[in-house]
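Presented below is the structure to which this report refers.
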Amino acid sequence: MPLLKLKQALANVTLGDQVQLGATDAGAWRDIPAFVALTQHRLIEKSQTTDEFWFVVEKGE
Numbered sequence: 001m002p003l004l005k006l007k008q009a010l011a012n013v014t015l016g017d018q019v020q021l022g023a024t025d026a027g028a029w030r031d032i033p034a035f036v037a038l039t040q041h042r043l044i045e046k047s048q049t050t051d052e053f054w055f056v057v058e059k060g061e
């Protein structure tokens with residue numbers, strides 16, 4: 001679900017805007033960077049707390 005939520009959020013912002021996403025699904029740690037690597041978006045930040053994973057992604061073209 002985190003990847004789907006990220007895709008939906010990116011569809012609703014303009015070029016250069018940043019989206020912050022929090023997830024509890026450990027697969028997001030792998031899936032979000034892999035998705036960004038295949039697109040024109042940019043991973044600005046990736047962090048982890050005890051039970052959450054956080055990402056900041058900038059919308060590309």
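The UniProt record's numbering applies: residue 1 is where the sequence shown begins, and numbers increase by one.
Ideal Cβ positions, reconstructed from N, Cα and C, are used throughout, including at glycine.
Being a predicted model, the structure only gives us computed values, none of them experimental.
One thing to note: Gln40 has its Cβ within 7 Å of the Cβ of Glu61. In the structure shown, Leu38 adopts coil according to DSSP, grouped into three states. DSSP places Ala26 outside both helix and strand once states are collapsed to three, so it counts as coil.
Rounded to whole angstroms, the separation of the alpha carbons of Leu6 and Thr24 is 14 Å.
The beta carbons of Asp31 and Leu10 sit no closer together than 7 Å.
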